[in-house]
Amino acid sequence: MLRQLFRSAKPLDVWLKEYATSHKNATNKRIHYVCVPIIFLTIVALLTHISWWLAVGISVLALWFYVRLSVSLAVAMLVFIVLCFGAALLPVNAWFWAAVFAIAWVGQFVGHKIEGAKPSFFEDLQFLLIGPAWVAMNVLGKTPKTA
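The sequence shown begins at 1 in my numbering and counts up one residue at a time.
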């Protein structure tokens, strides 16, 4: 299953368009622009509390997934991942990161309630990696327009 999560049979523009179909509401989008990076950060930080090598290994797998979609996306995600590792050095315990993780997920579900659509990852776990890509591409102004 983990191996399947890091494979992509679709091009980036298809992933982003599919993700965008359940992220049209302006409030939900704003919530995602805040919560998705926080969730990503907290996952990296929590993994470092287990093992730095585990966090690095999973980050490398995620970057491989992104490289296969787009080199520019992978570079953007590499920068973000490095920042996440830097934040993971903050002198806080795993419970702090777990609480922030939970609060950010509550925000995500509130956003989807407002949107009236279930989270994309309910259909395909790879959307857990596409969410951060969608935010990154929006920040970079490179998101394809939906039909």
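Heads up, the beta-carbon is just placed ideally off N, CA and C, and yes, glycines get one too. Computed from a predicted structure; not experimentally measured.
Selection from the options that minimises the alpha carbon distance to residue i
i	options	result
His112	Phe96, Leu16, Ser51, His32	His32
Val36	Gly141, Gly86, Ser72, Val106	Val106
Gly86	Val100, Leu41, Ile130, Leu12	Leu41
Leu140	Ser72, Leu46, Val100, Leu63	Ser72
Ala62	His49, Ile50, Ala76, Ser51	Ala76
Ala99	Leu54, Leu90, Leu46	Leu46
Trp51	Ala94, Ile38, Tyr19, Ser70	Note that residue 51 corresponds to Ser in the displayed sequence, not to Trp. Nearest C-alpha to Ser51: Ala94.
Leu129	Ala26, His49, Asn25, Ile39	Ile39
Cys84	Ala104, Ala55, Ile103	Ala55
Element boundaries [alpha helix (DSSP H), containing residue i]
i	result
Val36	26-50
Ala117	Looking at the DSSP string, Ala117 is not in any alpha helix (DSSP H), and its letter there is neither H nor E.
Ser72	71-88
Lys17	12-20
Val135	127-139
Whole-Å CB distance - residue i paired with residue j, under 8 Å assumed
i	j	result
Ile81	Val44	7 Å
Leu12	Leu69	4 Å
Leu108	Pro119	The displayed chain sequence assigns Gln, not Leu, to residue 108. With a Cβ gap of about 7 Å, Gln108 and Pro119 count as contacting.
For residue i, the three-state DSSP class (helix, strand or coil)
i	result
Gln108	helix
Val100	helix
Lys113	helix
Thr146	Because the pLDDT at Thr146 is just 44, under 50, the model does not fix this residue reliably, and the value given afterwards should be weighed accordingly. The answer is coil: DSSP assigns Thr146 none of H, G, I, E or B.
Val60	helix
Val92	coil
Residue i beta carbon near the ligand FAD (any heavy atom closer than 6 Å)
i	result
Trp134	For the structure depicted, the ligand FAD is absent and the ligand set is empty, with no information on it obtainable.
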